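Structure record follows, encoded as structure tokens.
Numbering (the working numbering), first residue to last: 22 to 221.
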């Protein structure tokens, strides 16, 4: 019995790590984040970022919702397994945002694939909307390797994240300015997100 459990856990890890490896290979997220931090430091070389200020970065990836990909009548299946969902994701040609911030969230920058100029995307806590501030707060606390945004019509395109860190996953959502999250594995479904259906 123990051997079966071990094999099952290894399989779950392989599915998760395979997706993570695809992201690393296709996107090279560490380099993306390093380059953005470097660009921000150059842009702010005469500004408010001191040499002693450590900047952190987390990339949020998004491939669009199921309905857009598969037809107007297609709906996200909340009962499908996370592993099955990840297997269907194409890692090339995605959109992304990179949140850059310091440990106190006094500095927050948001850089995305569409408008890459750091200057035009520079934002600070008093200038960004509350939603983005809450996202930065969540990313700082979670210290994730990267995050995948599940943008789906069934959830009214609310903030839903599948977060990756050291081969493990958390499923999280934002509702009424509060974050809810739980550890998940590839064999789990998306039933944790059912409270979001109440808003429909």
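All residues carry an ideal CB built from backbone N, CA and C; glycine is no exception.
No experiment lies behind these values; they were computed from the predicted model shown.
>> Once DSSP output is grouped into helix, strand and coil, what is the label at residue 47?
In response: Counted from its first residue, the chain shown places residue 47 at position 26. Of the three classes helix, strand and coil, the one that applies to residue 47 here is helix, per DSSP.
> By how many angstroms is the C-alpha of residue 71 removed from the C-alpha of residue 211?
Replying inline: Numbered from its first residue, the chain shown carries residue 211 at position 190. Numbered from its first residue, the chain shown carries residue 71 at position 50. Roughly 43 angstroms separates the two Cα atoms.
>> Using a 10 Å radius around the Cβ and a threshold of 16 neighbouring Cβ atoms, would you call residue 197 buried or exposed?
In response: As a position in the chain shown, residue 197 is number 176, starting the count at 1. By the Cβ-count criterion, residue 197 is exposed, with fewer than 16 other Cβ atoms from all chains shown falling within 10 Å of its own Cβ.
> residue 116 to residue 53, Cα distance in whole Å?
Replying inline: Here residue 116 corresponds to residue number 95 of the chain shown, with the count starting at 1. Here residue 53 corresponds to residue number 32 of the chain shown, with the count starting at 1. Rounded to whole angstroms, the separation of the alpha carbons of residue 53 and residue 116 is 13 angstroms.
>> Our contact map puts residue 229 next to residue 157 with C-beta atoms below 8 angstroms; I'd like the distance itself, whole angstroms only.
In response: Look at the range of the chain in this structure, 22 to 221, and you will see that residue 229 is not part of it.
> Is the distance from the Cβ of residue 207 to the Cβ of residue 102 below 8 angstroms?
Replying inline: Within the chain shown, the letter at position 186 stands for residue 207. Within the chain shown, the letter at position 81 stands for residue 102. Residue 207 is a Cβ neighbour of residue 102, given a cutoff of 8 angstroms.
> What do you get for residue 63, buried or exposed, if any count of 16 or more other CB atoms within 10 angstroms of its CB means buried?
Replying inline: Mapped onto the chain shown, residue 63 falls at position 42. The Cβ neighbour count for residue 63, taken over all protein chains shown within 10 Å, is under 16; the residue is labelled exposed.
>> On the criterion of 16 or more Cβ atoms from any shown chain inside 10 Å, does residue 224 qualify as buried, or is it exposed?
In response: Missing from the structure shown is residue 224; the chain here goes from 22 to 221 and no further.
> Whose C-alpha, out of 213, 77, 128, is nearest the C-alpha of residue 195?
Replying inline: Walking along the chain shown from the start, residue 195 turns up at place 174. Residue 195 has its Cα closest to that of 213, out of 213, 77, 128.
>> Is the separation between the beta-carbon of residue 186 and that of residue 169 shorter than 8 angstroms?
In response: For the purposes of this step, residue 186 is identified with residue 165 of the chain shown, where counting begins at 1. For the purposes of this step, residue 169 is identified with residue 148 of the chain shown, where counting begins at 1. Not a contact, by the Cβ cut-off of 8 angstroms.
>> Tell me the rounded alpha-carbon separation between residue 69 and residue 155.
In response: Locating residue 69 in the chain shown gives position 48, where the first residue counts as 1. Locating residue 155 in the chain shown gives position 134, where the first residue counts as 1. If you draw a straight line from the Cα of residue 69 to the Cα of residue 155, it is about 22 angstroms long.
> Any idea which residues DSSP pairs residue 119 with across the strands?
Replying inline: Residue mapping note: residue 119 aligns to position 98 of the chain shown, counting from 1. DSSP, once it has assigned bridges, lists 80, 132 as partnering residue 119.
> Considering residue 106, what are the terminal residues of the alpha helix (DSSP H) in which it resides?
Replying inline: Within the chain shown, residue 106 is the residue found at index 85, counting from 1. Note, residue 106: alpha helix (DSSP H), 103-108.
> Taking the C-alpha atoms as reference points, what is the distance between residue 76 and residue 161?
Replying inline: Within the chain shown, the letter at position 55 stands for residue 76. Within the chain shown, the letter at position 140 stands for residue 161. About 11 angstroms.
> Who are the Cβ neighbours of residue 124 in its own chain at under 8 angstroms, not counting the five residues just before and after it?
Replying inline: Reading the chain shown from its first residue, position 103 is the one you call residue 124. The residues are 75, 77, 161.
> For the candidate residues 190, 188, 177, whose alpha-carbon lies nearest to that of residue 215?
Replying inline: Here the question's residue 215 lines up with position 194 in the chain shown. Ranked by Cα distance from residue 215, the first of 190, 188, 177 is 177.
>> Contact defined as beta carbons within less than 8 angstroms: I believe residue 118 pairs with residue 110. What is the distance between those atoms, to the nearest angstrom?
In response: For the purposes of this step, residue 118 is taken as residue 97 along the chain shown, with counting starting at 1. For the purposes of this step, residue 110 is taken as residue 89 along the chain shown, with counting starting at 1. With a contact defined as Cβ atoms closer than 8 angstroms, residue 118 and residue 110 miss out at about 17 angstroms.
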